[in-house]
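Reading the sequence shown from the start, the letters are residues 7 to 199 in the numbering used here.
Using N, Cα and C, we set each Cβ at its ideal position, and we do this for glycine too.
Below is one structure; the comments refer to it alone.
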Amino acid sequence: MRKPLLILIAILSAVMLLAVACGSDEADPNATATPAPPNTVAPAERTPEPTVAPTAVPATTAPATSAPAATAGPVQIDIDVNGDALQFNINSLSAPAGAEVVVTFNNSSSVNTHNWALVQAGTKDAVAADGTAAGPANNWLPVNDSRVIGSTVLIGPGESAQATFTAPSAGTYQFVCTFPGHNFTMFGDFIVN
Ligand SMILES: [Cu+2]
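Next comes the structure, spelled out in structure tokens:
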């Protein structure tokens, strides 16, 4: 009587062991369904920051462009005579190459008529001689002469006039009064650097 019972128990226990062994394999697929992504909320908070920076950049660049234009301008040179002597009051003038130059010549003499001319180096006497031939109607200056870089008109005592020109390439030039006879004592160097 006891043997069949033991066999039954042994069979039942064997079936239960198989059931437990098979059940352990089914537990893995249930565990993989758990991961949930909680990161979707955080990125939305970073977007409003970039809107502040772009508005400040254009405001600072606009005033900088107008500043250099105010400092740029022609080179201003003033020159006079030594009273009634046939001399300028300055022996040497200078300006940078390529600069716009405005020479203001004030004739403070009480009796003499003068002009002021910038000419190529070594040509002051030859230009004055040709100016004498051109006559006072041409301000004692040769007309359309490449040796003459800039010049004023003839001015009487107490008058002033301006010569406007572009400074030529670097070198030493001459300035002179071409009123007949004045060129021998009334001249100086004009240095372009
Ligand atoms: Cu003169």
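Determine the direct distance from the alpha carbon of residue j to that of residue i, and round the result to whole angstroms.
i: Gln-126; j: Gly-177; result: 10 angstroms
i: Leu-92; j: Thr-191; result: 6 angstroms
i: Asp-97; j: Asn-150; result: Looking at the sequence shown, residue 97 is not Asp but Asn. C-alpha separation (whole angstroms): 26 angstroms.
i: Val-117; j: Leu-99; result: 25 angstroms
i: Asp-90; j: Phe-185; result: 14 angstroms
i: Pro-69; j: Asn-88; result: Low per-residue confidence applies at Pro-69: pLDDT is 46, beneath 50, and the placement is therefore not dependable enough to give any value.
i: Ser-114; j: Ser-175; result: 31 angstroms
i: Ala-132; j: Gly-79; result: 33 angstroms
i: Phe-196; j: Thr-110; result: 14 angstroms
i: Trp-146; j: Ala-134; result: 7 angstroms
i: Gly-128; j: Ser-152; result: 14 angstroms
i: Gln-168; j: Asp-86; result: 12 angstroms
Would the beta-carbon of residue i fall within 8 angstroms of that of residue j?
i: Val-182; j: Ala-101; result: no
i: Ser-166; j: Leu-124; result: no
i: Val-159; j: Asn-121; result: yes
i: Gly-187; j: Thr-119; result: no
Should residue i go down as buried or exposed, given a rule of 16 or more other Cβ atoms within 10 Å for buried?
i: Ala-173; result: buried
i: Pro-43; result: Only weak support exists for where Pro-43 lies, its pLDDT of 49 falling under 50; the value from the coordinates is given anyway. So Pro-43 ends up on the exposed side.
i: Pro-148; result: buried
i: Thr-170; result: exposed
i: Gly-104; result: exposed
i: Gln-180; result: buried
i: Gly-137; result: buried
i: Ala-139; result: exposed
In this structure, does DSSP put residue i in helix, strand or coil?
i: Thr-110; result: strand
i: Asp-84; result: strand
i: Val-159; result: coil
i: Val-63; result: Because Val-63 sits at a pLDDT of 46, beneath the cut-off of 50, its placement in the model cannot be relied upon, and the point is left open.
i: Gly-104; result: coil
i: Thr-172; result: strand
i: Val-125; result: strand
i: Ala-91; result: coil
i: Asp-195; result: strand
i: Val-133; result: helix
Step through the CB atoms of chain D and report whether any lies within less than 8 angstroms of the CB of residue i.
i: Phe-193; result: Of the chains in the structure shown, none is chain D; there is only one protein chain.
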